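> To start, I am sharing the structure in question, which I have written as structure tokens.
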Amino acid sequence: MIDVLSLRALIAVADTGSVTAAATLLNYTPSNITQHIRRLERTVQCPLLERVGRGVVPTEYARSLVERGRPIVLALDDLAAAHDGEPAGQVRIGVFPTALRGLVIPAVAALASAHPSLAVQPLELEPDEALLFVRTGLTEAAVVKSWGRLAEEVPDDELQRISLGVDRIDAILPSSHPLADRPGLSMEQLRHEPWAVTPDDGPYRQWIEAQGGLGSPSGPAYQAAEFQSIMQYISLGLAVGAVPRLGRGPLPPGVVAVPLTGDSSFREVSLLLRTAASNGPNLRAVVQEIQCQASMYLETP
41 MIDVLSLRAL IAVADTGSVT AAATLLNYTP SNITQHIRRL ERTVQCPLLE
91 RVGRGVVPTE YARSLVERGR PIVLALDDLA AAHDGEPAGQ VRIGVFPTAL
141 RGLVIPAVAA LASAHPSLAV QPLELEPDEA LLFVRTGLTE AAVVKSWGRL
191 AEEVPDDELQ RISLGVDRID AILPSSHPLA DRPGLSMEQL RHEPWAVTPD
241 DGPYRQWIEA QGGLGSPSGP AYQAAEFQSI MQYISLGLAV GAVPRLGRGP
291 LPPGVVAVPL TGDSSFREVS LLLRTAASNG PNLRAVVQEI QCQASMYLET
341 P
């Protein structure tokens, strides 16, 4: 008979790509993971991992076990989570960085006080990866965002989407800028300004360009991976930017925030859950607390 813990270990190795990462995910030691894999190999009488360089990859048969075994493991997890008692155990939640700082960390603190037996473990993930983690059971929930549009309600029996609200985006300017005293600004008014933006061509940059920003022939003047570094460029009078309010923190000296006009000057923030896992007391407590935090920082769509 296949041991569920050994099957879970194999799935974790397949998902994370290494024994060490699988051990971290499951709160095991690497030797525990190796022992479980060997036990499963003895049961099925077939090798499950192949060494490639310094790492390991699942064999073809192991990939088949993962595909067929994952729904079983998730169903057992859902069965265990659907108890009638007080919230207890662990809930893992994927969350993008500004929502981690602005929503989830305060929620973790509140939940630790209200439910001492419940451990909430946030994982900092961008939305695409967080969605994958929820679907595969690596996390029980995910906080995701969509730039400049409301998330489409696509029928999906596996996932439940809960809108948390709208995160407005402001133009950030040096306080000495000629437009700093305006009640609102369009992206067109900032089109030919020097910009500070993130270096990748991800959703944030795509949103700015779609709204008419970055119109200078030379492109963005400065690049930084974090919003706080972007704000530093702006505070020293080197550039302008556009930054969401969630998780932004207090504005540094020498900087003003001016609301951006336009129908797309926002991010919608949503919470994703696997539908089969959404009725247990653990997730109910987490959802309620994150909704409470969201009500203080986000606007109703």
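Position one of the sequence shown corresponds to residue 41 (our numbering), numbered consecutively onward.
Note that beta-carbon positions come from the ideal geometry of N, C-alpha and C, so glycine has one too.
Remember, it's a predicted structure, so these values are computed and weren't measured experimentally.
(1) Pull up the CB-CB distance for residue 186 and residue 339, whole angstroms please, since I reckon it's below 8 Å.
(2) Note down, in chain order, each residue of its chain lying with its Cβ closer than 6 Å to the Cβ of residue 138, except the 5 sequence neighbours on either side.
(3) Which residue from 81, 249, 179 and 301 puts its Cα closest to that of residue 232?
(4) In whole angstroms, what is the alpha-carbon distance linking residue 82 and residue 46?
(5) Counting C-beta neighbours from all protein chains within 10 Å, is the total for residue 165 16 or more, i.e. buried, or is it exposed?
(6) Residue 330 to residue 120, Cα distance in whole Å?
(7) With a cut-off of 8 Å, do at least 3 Cβ pairs link the segment 203 to 219 to the segment 290 to 307?
(8) Given 8 Å as the limit, is there contact between the segment 90 to 97 and the segment 105 to 121, that is, 3 or more CB pairs closer than that?
(9) Contact between the segment 315 to 325 and the segment 234 to 247: three or more CB pairs below 8 Å?
(10) Report the start-end ranges of each alpha helix (DSSP H) in the segment 49 to 83 that is 4 residues or longer and not cut off at the edges.
(11) Does DSSP classify residue 233 as helix, strand or coil?
(12) With DSSP as the reference, please indicate the residues paired to residue 187 in a beta bridge.
(13) Are there 16 or more other CB atoms within 10 angstroms of the CB of residue 42, so buried, or fewer, so exposed?
(14) Using a Cβ-Cβ cut-off of 7 Å (strictly less than) and excluding sequence neighbours within five positions of residue 341, which residues of its own chain qualify?
(15) Pull the bridge partners of residue 222 from the DSSP assignment, please.
(16) For residue 152, does the count of other Cβ atoms within 10 angstroms reach 16, so buried, or fall short, so exposed?
(17) Tell me whether residue 16 sits in a helix, a strand or coil according to DSSP, three-state version.
(18) Kindly indicate which three-state DSSP category residue 284 falls into: helix, strand or coil?
(19) Between 52, 149, 159 and 117, which has its C-alpha nearest residue 333's C-alpha?
(20) Do residue 254 and residue 282 have their CB atoms nearer than 8 Å?
(21) Along the chain, where does the beta strand (DSSP E) containing residue 91 start, and where does it finish?
(22) Nearest by alpha-carbon distance to residue 155: which of 125, 291 and 67 is it?
(23) Go ahead and pull the three-state DSSP assignment for residue 166.
(24) Would you mind sorting residue 48 into buried or exposed? The rule is 16 or more other CB atoms within 10 Å of its CB.
(25) Looking only at its chain, what residues have a beta carbon closer than 8 Å to the beta carbon of residue 325, apart from the 5 residues adjacent to it on each side?
(26) Between the alpha carbons of residue 220 and residue 261, how many angstroms are there, rounded?
(27) Determine the direct distance from the alpha carbon of residue 132 to that of residue 209, and round the result to whole angstroms.
(28) Assign residue 69 to buried or exposed, taking buried as 16 or more other Cβ atoms, counted over all protein chains shown, within 10 Å of its Cβ.
(29) Could you tell me the alpha carbon to alpha carbon distance between residue 303 and residue 142, rounded to whole angstroms?
(30) Assuming residue 294 is part of the alpha helix (DSSP H), what are its boundary residues?
(31) Do the CB positions of residue 323 and residue 184 come within less than 8 Å of each other?
On the basis of the supplied data:
(1) In this structure residue 186 is not in contact with residue 339, their Cβ atoms being roughly 15 Å apart against a cut-off of 8 Å.
(2) Within the same chain, Cβ atoms closer than 6 Å to the Cβ of residue 138 are found at 286 and 287, the five residues on either side in sequence being excluded.
(3) A check of alpha carbon separations from residue 232 across 81, 249, 179 and 301 identifies 249 as the nearest.
(4) One Cα belongs to residue 82, the other to residue 46, and the distance between them is close to 11 Å.
(5) Buried, by the Cβ-count rule.
(6) About 23 Å.
(7) In the pairwise beta carbon analysis, the segment 203 to 219 is classified as touching the segment 290 to 307: at least three pairs are separated by under 8 Å.
(8) Contact annotation: the segment 90 to 97 does not touch the segment 105 to 121, with fewer than three C-beta pairs closer than 8 Å.
(9) The segment 315 to 325, when compared against the segment 234 to 247, does not touch it at the 8 Å Cβ threshold.
(10) The segment 49 to 83 is shown to contain whole alpha helix (DSSP H) runs of 4 or more residues at 59 to 66, in chain order.
(11) It is coil, neither helix nor strand.
(12) In the DSSP secondary-structure assignment, residue 187 is bridged to 307.
(13) Under a 10 Å Cβ-count criterion, residue 42 is classified as exposed, with fewer than 16 other Cβ atoms of the shown protein chains found around its own Cβ.
(14) Excluding residues within five positions, the ones whose Cβ falls inside 7 Å are 190, 203, 205, 206 and 308.
(15) Residue 222 is bridged by DSSP to nothing; it lacks a bridge partner.
(16) Counting the other CB atoms within 10 Å of its CB gives residue 152 a total below 16, which places it among the exposed residues.
(17) No answer is possible for residue 16: it lies beyond the span of the chain, which begins at 41 and ends at 341.
(18) In the three-state DSSP reduction, residue 284 falls in the strand class (E or B).
(19) Comparing Cα-Cα distances from residue 333 to each of 52, 149, 159 and 117, the minimum goes to 149.
(20) No, the pair does not count as a contact, with Cβ atoms beyond the cut-off.
(21) 89 to 92 is the span of the beta strand (DSSP E), which, as asked, contains residue 91.
(22) When the alpha-carbon of residue 155 is set against those of 125, 291 and 67, the nearest one is in 125.
(23) Coil.
(24) Residue 48 comes out buried.
(25) By the criterion of a C-beta distance shorter than 8 Å, residue 325 is surrounded in its chain by 127, 151, 154, 155 and 158, once the five residues flanking it on both sides are discounted.
(26) Cα to Cα, the separation comes out at about 19 Å.
(27) Taking the straight line from one Cα to the other gives about 28 Å.
(28) Exposed: under 16 other Cβ atoms inside 10 Å.
(29) Rounded to the nearest angstrom, the two C-alpha atoms are 24 Å apart.
(30) For residue 294, no alpha helix (DSSP H) run applies, since DSSP gives it neither H nor E.
(31) At the C-beta level, residue 323 and residue 184 stay beyond 8 Å of one another.
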